[in-house]
Amino acid sequence: MANVAMVVTNRYEPDPRVQKEAASLVAGGHRVRVYAFDRMSEAPHALERLDGVEIIRLQLGHYPYGKVAPTALGLRKFRHAVREALLRDPPDVLHCHDQDTCSLGAWWQGRRLPSGARAKFVFDAHDFYWTYPLYVDRPARWRHALSGVLKAQGFHYVRKADLLITVTEGVGRHPGYAELYRGWGVDPVVLWNAPRAVAQIPAFPPVFTLGYYGYVRDAEMFRWLVAAIEQLPPAERPAVHVAGAGVAHAEVERMLREASARLGFEARVTGAFDMRDLGSLMAECSAQFCVYSLGSGNMGRTVPVKLFDAVAHGRPVIGSTGTLMADFIEHNDWGCVVDQGDISGLAAALRSTRARVMESAQPLALRPAPTWEQQGQRLCEAYAKLLQQ
47 MANVAMVVTN RYEPDPRVQK EAASLVAGGH RVRVYAFDRM SEAPHALERL
97 DGVEIIRLQL GHYPYGKVAP TALGLRKFRH AVREALLRDP PDVLHCHDQD
147 TCSLGAWWQG RRLPSGARAK FVFDAHDFYW TYPLYVDRPA RWRHALSGVL
197 KAQGFHYVRK ADLLITVTEG VGRHPGYAEL YRGWGVDPVV LWNAPRAVAQ
247 IPAFPPVFTL GYYGYVRDAE MFRWLVAAIE QLPPAERPAV HVAGAGVAHA
297 EVERMLREAS ARLGFEARVT GAFDMRDLGS LMAECSAQFC VYSLGSGNMG
347 RTVPVKLFDA VAHGRPVIGS TGTLMADFIE HNDWGCVVDQ GDISGLAAAL
397 RSTRARVMES AQPLALRPAP TWEQQGQRLC EAYAKLLQQ
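According to this note's numbering, the sequence shown is numbered sequentially starting from 47.
Pasting the structure below:
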């Protein structure tokens, strides 16, 4: 069995996908330690153990998200601190989550270990990292240039890694991440960001409530939501519950608070949550909202974790047309899809989803979504092959 080090550039509260992967590897007999970057030195615990996973949060100063120069400086300090930690306790496998940790994997790869084996580099590509600089209105030329550089780096790391893991592949008309990487000459292991099997599905709340549980990055989607709610008669307007941290959290909270006062619907915005609380959160909603703006070029190929979370809890989803997510929703009758910015279409989707929920006395018997138990087994099998190389 292997000594595995994972690296993430968030503060690990915990990072749900990374924790599920780490816990699966621990269950498979591996030792797993996660090095996390607490960018604002805010986490109450620098050292923690969760599900057998060792978590080390490096607190190196204050480096806020969304600001290019401080982010670059903070990441450089973080990588230096991780290098020192790896040399003190050398892992057999360095498992790098997302591209901003991959320089560490490339540096560690092939190193002769005390056991005589050579160190392995795993690249776990959750996102197309090079699209991040473009996730603003009318990105400047330097952002396009930076995106090009990051894409070239991504190509290098994808080809260099001993094992590539990603999160989606096509199941219908639209490709996932895997198709792009296969076009680059590498066949990844696809691990869907699926929830653990749900033991007990909670009942619907008495008031039709639209939830959004996840990273709050896209303010535009909530502008569409407010405009769509305004088109509905007061008696049909849903309550709204947003839970999660993110760069647009303050803007979305202000927007929904003002809309709630003006239009007379209940709105609640809360912060980051522990995935162990997901069941109780789902009990507070009737459906999940997933109509994203697609300008980053990334959302079309991804499947938001909240889609599978909602389905596993018997909740329908309102999602974005023209996406891999839409293929799942339409094929499985998991809800309905709407074009980005289509306010009237979104209002109609809210009305039809409300009717579907209110007609059912119980959570919906939806076709099953993938579960993490399946995905974790696939991860352990991939590691077994990796360690034989």
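C-beta atoms are modelled at their ideal positions from N, C-alpha and C, and glycine is treated no differently. Predicted, not measured: the structure shown is a model, and the values here were computed from it.
I'd like the span of the beta strand (DSSP E) that includes residue i, first residue to last.
i    : result
H126 : From DSSP, H126 is part of no beta strand (DSSP E) but of the alpha helix (DSSP H) over 114 to 134.
M301 : It is not in any beta strand (DSSP E) - M301 instead sits in the alpha helix (DSSP H) that spans 295 to 309.
F335 : 333 to 336
E100 : 99 to 104
I364 : 363 to 366
M52  : 49 to 54
E94  : 93 to 96
F83  : 77 to 83
A285 : 285 to 289
G381 : 381 to 384
V315 : 313 to 316
L256 : 255 to 259
Contact check, residue i vs residue j under 8 Å by CB: the rounded distance?
i    : j    : result
V337 : G365 : 6 Å
A333 : G381 : 7 Å
Y58  : V80  : 6 Å
L150 : Y259 : Not really, about 31 Å apart at Cβ, beyond 8 Å.
F208 : F268 : Reading off the sequence shown, one finds Asp at residue 208, where the question assumed Phe. That belief does not hold up - the Cβ atoms of D208 and F268 are roughly 41 Å apart, past 8 Å.
T177 : S161 : Rounded, the Cβ-Cβ distance is 39 Å, inconsistent with contact.
P60  : I102 : About 12 Å; that fails the 8 Å criterion.
L196 : Y181 : About 12 Å separates the two Cβ atoms, so there is no contact after all.
L353 : F335 : Not a contact, Cβ separation roughly 11 Å.
May I ask which residues mark the beginning and end of the alpha helix (DSSP H) holding residue i?
i    : result
Y429 : 418 to 434
R158 : Neither: R158 is in no alpha helix (DSSP H) and is coded neither H nor E.
A377 : The question names Ala, but residue 377 is His in the sequence shown. Start and end: 370 to 378.
L410 : Premise fails: L410 is in no alpha helix (DSSP H) and is neither H nor E.
L353 : 351 to 358
Could you tell me if residue i is buried or exposed, where buried requires 16 or more neighbouring beta carbons within 10 angstroms of its beta carbon?
i    : result
V114 : exposed
M404 : exposed
D144 : buried
R308 : exposed
A73  : exposed
P179 : buried
K66  : buried
W270 : buried
A165 : buried
H295 : buried
D135 : exposed
Q43  : Because the chain is modelled from 47 through 435, residue 43 falls outside the range shown and cannot be assessed.
R158 : exposed
R63  : buried
P414 : exposed
A305 : buried
G156 : exposed
Q434 : exposed
Q386 : buried
L210 : buried
Are residue i and residue j close, meaning C-beta to C-beta below 8 Å?
i    : j    : result
H76  : A48  : yes
D84  : L104 : yes
T348 : P241 : no
G257 : A291 : no
V139 : N239 : no
A411 : A274 : no
Q246 : S390 : no
V286 : A313 : yes
V232 : A428 : no
D355 : L396 : no
C148 : Y203 : yes
H141 : D170 : yes
A358 : P248 : no
V213 : Y227 : no
N344 : D97  : no
L106 : A127 : yes
C331 : P280 : no
H220 : L370 : yes
E282 : R400 : yes
F201 : W230 : yes
R361 : P284 : no
V298 : V253 : no
G218 : E225 : no
L121 : D146 : yes
L425 : L237 : yes
A89  : N56  : no
V99  : A131 : no
A372 : V363 : no
V288 : V244 : no
Does residue i come within less than 8 Å of chain B when only Cβ atoms are used?
i    : result
R125 : Absence of chain B from the displayed structure is noted, only one protein chain being present.
Flag residue i as yes when its Cβ comes closer than 7 Å to any non-hydrogen atom of the ligand GDP, and as no otherwise.
i    : result
I101 : The ligand content of the structure shown is nil, which means the ligand GDP is not present either.
* Entirely enclosed beta strand (DSSP E) segments - the region 213 to 243, minimum 3 residues -> none
* Asked: Whole beta strand (DSSP E) runs in the region 169 to 212 with 3 or more residues, listed along the chain?
  -> 209 to 212
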